[in-house]
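Undergrad: Attaching a single structure in structure tokens format; questions to follow.
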Ligand code: IFM
């Protein structure tokens, strides 16, 4: 049984999350090409070479989608603006149609009593900027600051919260070292530069937002709990390296003005010149930190180049993504991030959820018991952390809708609401109904 709203402190924010490229339909409305369009058009990168050209057609169906958020009883909607929709070339000429769309969307949220929680970058890098080196080029700090200013001036007076960049680890490491996301590089120097520039751009955006008087500014990091694959000291050290790259690098940069030594061992020779001087920008004061949490990993030392680890499969039940279900990891991060980095600063779980197969019942209902159980177990962990004194102020489920799951195309369904990608019909799943009941107080 899902915990009820009344099991959480007054004012605790319940929300749902999506992102622009994953739902809007990026082939419409004058948006520019993004590096996801070209990445997906390259064979072998994305399942069936699918892209976000139509996605859920949220660009046209947004009133229905906002109604689903309101009717579900959610307080907030974590959405993103697409850089390439607002600035098709990344800089210069604004696409007025794109900016008008976000203006209407924010007003639509306010009319329905939904708090607009904006992310400025959820991975739609305009190709014109990718051509200039994208996240490898330090100038991205200023390009991103200019884009931020346009959004701040148009929407800033009505936003509930803003985070510049979703999941810096994915932007930098997954995309430039592991090659799994656009631009699909596997290059340690590119990765080192992206790791640093993503934080530099975050800091530049916060400076601009503060300057424009926008309130409630934060950052959103994704975290994975690393279990050493065995009791050996080598595997323990490998798990620490994994933890440093994945979990500690970004929060250390922002809150401590330093990078973990385990990361510098590998990346220092490749960081851009003068990186040590950027912590003044990177460490801008924040009003909250968001944690995206899904899973844990097993980490084993291997005799290879740095970071010298492999990720063997673990024994726990898994989601459709193949991700082990380990709610205890969320509790670990809520406690240790507050203890080691953020102190009394408000924390939010800004993403949590699972890809799961849906079961269609004869009367058209869609059951997703595994998802309900997953959400229940993670929400219980949140309650425990709050009881222990962690300043956790809200929880956002990923995602409102089934959507474009990046390299995995449309196969993996994370939504509380089912989307038929032929007809684009939305059907709330059992999890949406159960959450609605829980938020209304019925459990
Ligand atoms: O779909 C993604 C989202 O874009 C970022 N966080 C993780 C989700 C599930 O993989």
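In this note's numbering, the protein residues as written are 44 to 486. Backbone N, C-alpha and C define an ideal beta-carbon position, used for all residues, glycine too.
#1: For residue 67, which of 113, 167, 409 has the nearest alpha-carbon?
#2: Assuming residue 162 contacts residue 209 (C-beta within less than 8 Å), just tell me the rounded distance between them.
#3: At which residues does the beta strand (DSSP E) containing residue 269 begin and terminate?
#4: When you measure from the CB of residue 117 to every non-hydrogen atom of the ligand IFM, does any distance come out below 7 Å?
#5: Quick check: what's the CA-CA separation for residue 438 versus residue 426?
#6: What are the boundary residues of the alpha helix (DSSP H) that includes residue 309?
#7: Tell me, to the nearest whole angstrom, how far the beta carbon of residue 72 is from that of residue 144; I am working on the premise that it is less than 8 Å.
#8: Given a threshold of 16 other Cβ atoms within 10 Å of its Cβ, counted over all protein chains shown, does residue 207 qualify as buried or as exposed?
#9: With residue 462 and residue 475 assumed to form a contact (beta carbons below 8 Å), what rounded beta-carbon distance in angstroms separates them?
#10: Hey, how far is the Cα of residue 123 from the Cα of residue 277?
#11: Return yes when the Cβ of residue 261 is within less than 8 Å of the Cβ of residue 333, no when it is not.
#12: Keeping to the same chain, check which residues put their C-beta closer than 8 Å to that of residue 107; ignore five residues upstream and five downstream.
#13: Please list the terminal residues of the continuous beta strand (DSSP E) segment that includes residue 461.
#14: Does the region 232-249 come within contact of the region 79-99, defined as at least 3 CB pairs closer than 8 Å?
#15: Can you list, in chain order, the residues of its chain whose CB lies under 7 Å from that of residue 288, leaving out five sequence neighbours each side?
#16: Quick one: what does DSSP say residue 294 is sitting in, helix, strand or coil?
#17: Is DSSP giving residue 37 helix, strand or coil here?
#18: Provide the residue(s) that pair with residue 333 in DSSP beta bridges, ordered along the chain.
#19: Rounded to whole angstroms, how far is the Cβ of residue 396 from the Cβ of residue 441, which I believe are closer than 8 Å?
#20: Find out if the Cβ-Cβ distance for the pair residue 146, residue 197 is shorter than 8 Å.
#21: At a cut-off of 7 Å, is residue 265 close to the ligand IFM when judged by its beta-carbon and the heavy atoms of the ligand?
#22: Within 10 angstroms of its Cβ, does residue 211 collect 16 or more other Cβ (buried), or is it exposed?
#23: Can we count residue 220 as close to the ligand IFM, meaning its CB is less than 7 Å from some heavy atom?
#24: Any chance the CB of residue 349 is under 7 Å from a heavy atom of the ligand IFM?
#25: As a quick exercise: from 131, 59, 248, pick the residue whose alpha carbon is nearest that of residue 157.
#26: Is the distance from the Cβ of residue 242 to the Cβ of residue 376 below 8 Å?
#27: What do you reckon, is the C-beta of residue 62 under 7 Å from a heavy atom of the ligand IFM?
#28: Do residue 338 and residue 302 count as a contact pair if the criterion is CB distance below 8 Å?
#29: As a quick exercise: from 421, 227, 133, pick the residue whose alpha carbon is nearest that of residue 172.
#30: Inspect the CB distances between the region 408-423 and the region 45-55 and report whether three or more fall short of 8 Å.
#31: Starting from residue 106, trace the alpha helix (DSSP H) both ways and give me its first and last residue.
#32: Would you check whether the ligand ZN has a heavy atom nearer than 7 Å to the C-beta of residue 118?
#33: Relative to the C-alpha of residue 270, which candidate in 74, 455, 357 has its C-alpha closest?
TA: In this structure, then:
#1: By one-based count along the chain shown, residue 67 stands at place 24. Nearest C-alpha to residue 67: 167.
#2: Here the question's residue 162 lines up with position 119 in the chain shown. Here the question's residue 209 lines up with position 166 in the chain shown. 5 Å between Cβ atoms; contact.
#3: By 1-based counting over the chain shown, the position of residue 269 is 226. Note, residue 269: beta strand (DSSP E), 261-271.
#4: In the chain shown, counting from the first residue as 1, residue 117 sits at position 74. No, Cβ of residue 117 sits at least 7 Å from all heavy atoms of the ligand IFM.
#5: Stepping through the chain shown from its first residue, residue 438 is reached at position 395. Stepping through the chain shown from its first residue, residue 426 is reached at position 383. Roughly 11 Å separates the two Cα atoms.
#6: Walking along the chain shown from the start, residue 309 turns up at place 266. Its alpha helix (DSSP H) spans residues 304-310.
#7: In the chain shown, counting from the first residue as 1, residue 72 sits at position 29. In the chain shown, counting from the first residue as 1, residue 144 sits at position 101. Indeed they touch by this definition, with Cβ atoms about 6 Å apart.
#8: Counting from 1 along the chain shown, the entry for residue 207 is found at position 164. Counting Cβ neighbours within 10 Å, residue 207 comes out buried, since at least 16 surround it.
#9: Taking the first residue of the chain shown as position 1, residue 462 is located at position 419. Taking the first residue of the chain shown as position 1, residue 475 is located at position 432. About 12 Å separates the two Cβ atoms, so there is no contact after all.
#10: The residue labelled residue 123 in the question sits at position 80 within the chain shown. The residue labelled residue 277 in the question sits at position 234 within the chain shown. Spanning the two alpha carbons is a distance of roughly 41 Å.
#11: As a working mapping, residue 333 is identified with position 290 in the chain shown. As a working mapping, residue 261 is identified with position 218 in the chain shown. Against a cut-off of 8 Å, the Cβ pair of residue 261 and residue 333 comes out as a contact.
#12: Numbered from its first residue, the chain shown carries residue 107 at position 64. Taken in chain order, the residues that qualify are 469.
#13: Counting from one through the chain shown, the residue named residue 461 turns up at place 418. Start and end: 460-462.
#14: no
#15: Working through the chain shown from its first residue, we reach residue 288 at position 245. So the list reads 216, 306, 350, once near-sequence residues are dropped.
#16: Counting from one through the chain shown, the residue named residue 294 turns up at place 251. Three-state result, residue 294: helix.
#17: The question about residue 37 has no answer here: the residues shown for the chain are numbered 44 through 486.
#18: Here residue 333 corresponds to residue number 290 of the chain shown, with the count starting at 1. 263, 391, per the DSSP bridge assignment.
#19: Walking along the chain shown from the start, residue 396 turns up at place 353. Walking along the chain shown from the start, residue 441 turns up at place 398. Their Cβ separation, rounded to whole angstroms, is 4 Å, which keeps residue 396 and residue 441 in contact under 8 Å.
#20: For the purposes of this step, residue 146 is taken as residue 103 along the chain shown, with counting starting at 1. For the purposes of this step, residue 197 is taken as residue 154 along the chain shown, with counting starting at 1. In this structure, residue 197 lies closer than 8 Å to residue 146 by Cβ.
#21: Within the chain shown, numbered from 1, the residue matching residue 265 stands at position 222. For the ligand IFM, at least one heavy atom lies less than 7 Å from the Cβ of residue 265.
#22: Taking the first residue of the chain shown as 1, we reach residue 211 at position 168. So residue 211 counts as buried.
#23: Your numbering for residue 220 matches position 177 in the chain shown. Not so, every heavy atom of the ligand IFM lies at least 7 Å from the Cβ.
#24: Translated into the one-based positions of the chain shown, residue 349 becomes position 306. The answer is no for residue 349.
#25: Mapped onto the chain shown, residue 157 falls at position 114. Comparing Cα-Cα distances from residue 157 to each of 131, 59, 248, the minimum goes to 59.
#26: Reading the chain shown from its first residue, position 199 is the one you call residue 242. Reading the chain shown from its first residue, position 333 is the one you call residue 376. Contact: no.
#27: For the purposes of this step, residue 62 is identified with residue 19 of the chain shown, where counting begins at 1. At least one heavy atom of the ligand IFM is nearer than 7 Å to the Cβ of residue 62, so yes.
#28: Position 259 of the chain shown, counted from the first residue, corresponds to residue 302. Position 295 of the chain shown, counted from the first residue, corresponds to residue 338. Taking 8 Å as the Cβ cut-off, residue 302 and residue 338 do not qualify as a contacting pair.
#29: Locating residue 172 in the chain shown gives position 129, where the first residue counts as 1. If we check each option's Cα against that of residue 172, 133 comes out closest.
#30: yes
#31: For the purposes of this step, residue 106 is identified with residue 63 of the chain shown, where counting begins at 1. 101-114 is the extent of the alpha helix (DSSP H) around residue 106.
#32: What this structure holds is the ligand IFM, not the ligand ZN.
#33: Reading the chain shown from its first residue, position 227 is the one you call residue 270. Nearest C-alpha to residue 270: 357.
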